[in-house]
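Some notes on the structure that comes next.
In my numbering, the protein residues as written are 1 to 260.
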């Protein structure tokens with residue numbers, strides 16, 4: 001039952017070229033940075049990534065993008081990653097854009113063994129009708145477009161059929177976890193992490209604080225160990241390394257000078 005890997009390199013060693021990955025995080029919040037770094041160092045390429053976004057330039061999944069390691073992305077947000085946008089628009093990478101709530105449910109459904117579901121999200125748009133650019137040609141024309149999806153009416157309202165997502169691996173980050181793989185996420189860092197963890201056939205979790213079985217109250221566990229195959233204990237420095245995507249500060253208040 002002990003699922004602890006000795007190092008990040010060991011945890012990702014069998015992720016081969018062309019593998020599909022579900023990756024947790026939102027922006028830079030809750031990203032499995034140590035596992036991404038190890039995968040980058042390993043040189044794995046041709047990866048098919050399912051993630052809300054692809055980090056930012058030079059951080060998170062942006063590291064893999066910068067070296068051309070990702071061939072396809074299923075996500076909901078290009079965001080502020082200029083390299084992501086460049087590769088997509090130049091035809092170097094295939095991108096399937098999905099409404100954010102639909103992406104979350106597709107991951108959850110895949111992890112729960114639900115092959116497909118109907119949702120009203122996207123009805124009346126190219127999400128349902130097809131034609132979204134998945135890959136551009138070098139001249140800017142559309143080389144590959146999304147297909148039309150099956151639609152059905154429920155209660156007089158049109159819905160579109162969406163398929164659950166499963167991947168070869170999942171990389172996630174968590175606040176606390178035990179050696180059996182039971183995980184507890186902290187505040188906003190939960191985001192897509194539990195859903196990505198459910199979708200992976202082999203799920204690898206990097207843990208800020210690793211404890212022994214029984215130390216986590218059962219009612220505090222957010223994701224049971226049945227969904228997790230490997231656990232990586234982060235060093236204190238790795239656990240504390242939480243970059244901020246965009247820092248915004250207010251201008252200092254003007255102080256009135258009193259002359260006596």
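Ideal placement from N, C-alpha and C gives every residue a C-beta, glycine not left out. Because the structure is a prediction, the values reported are computed rather than measured.
In its own chain, which residues sit with a C-beta less than 6 Å from the C-beta of residue 104, not counting the 5 before and 5 after it? Locating residue 104 in the chain shown gives position 104, where the first residue counts as 1. Here the set comprises 195.
Please identify the residue among 199, 247, 23, 140 whose C-alpha is closest to the C-alpha of residue 86. By one-based count along the chain shown, residue 86 stands at place 86. Checked all of 199, 247, 23, 140; the closest Cα to residue 86 is 140.
May I ask which residues mark the beginning and end of the alpha helix (DSSP H) holding residue 129? For the purposes of this step, residue 129 is taken as residue 129 along the chain shown, with counting starting at 1. Residue 129 -> alpha helix (DSSP H) spans 126-129.
Sort 22, 145, 182 by Cα distance to residue 126 and report the nearest one. For the purposes of this step, residue 126 is identified with residue 126 of the chain shown, where counting begins at 1. Nearest option by C-alpha distance: 145.
Is the Cβ-Cβ distance between residue 68 and residue 138 less than 7 Å? The residue you call residue 68 lines up with position 68 of the chain shown. The residue you call residue 138 lines up with position 138 of the chain shown. Not a contact, by the Cβ cut-off of 7 Å.
From which residue to which residue does the beta strand (DSSP E) around residue 170 run? Walking along the chain shown from the start, residue 170 turns up at place 170. It spans 167-178 - the beta strand (DSSP E) in which residue 170 sits, taken as one unbroken run.
Selection from 171, 121, 17, 216 that minimises the alpha carbon distance to residue 202: Position 202 of the chain shown, counted from the start, is the residue given in the question as residue 202. Measuring from the Cα of residue 202, the nearest candidate turns out to be 171.
What are the boundary residues of the beta strand (DSSP E) that residue 122 is part of? Looking up residue 122 in the chain shown gives position 122. From DSSP, residue 122 is part of no beta strand (DSSP E); its letter is neither H nor E.
Under the three-state DSSP convention, the category residue 26 falls into: For this step, residue 26 is matched to residue 26 along the chain shown. Note: residue 26 maps to strand in three-state DSSP.
Following the continuous beta strand (DSSP E) through residue 162, name the residue where it begins and the one where it ends. By one-based count along the chain shown, residue 162 stands at place 162. 157-163 is the span of the beta strand (DSSP E), which, as asked, contains residue 162.
Rounded to a whole number of angstroms, what is the C-alpha to C-alpha distance between residue 173 and residue 121? Counted from its first residue, the chain shown places residue 173 at position 173. Counted from its first residue, the chain shown places residue 121 at position 121. Near 29 Å, if we compare the C-alpha coordinates of residue 121 and residue 173.
Leaving aside the five residues before and after residue 77 along the sequence, list all residues of the same chain whose C-beta is less than 8 Å from its C-beta, in chain order. Taking the first residue of the chain shown as 1, we reach residue 77 at position 77. Cβ contact annotation for residue 77 (same chain, cutoff 8 Å, sequence separation greater than five): 52, 53, 100, in chain order.
Can the beta-carbon of residue 204 be found closer than 7 Å to that of residue 35? Looking up residue 204 in the chain shown gives position 204. Looking up residue 35 in the chain shown gives position 35. Taking 7 Å as the Cβ cut-off, residue 204 and residue 35 qualify as a contacting pair.
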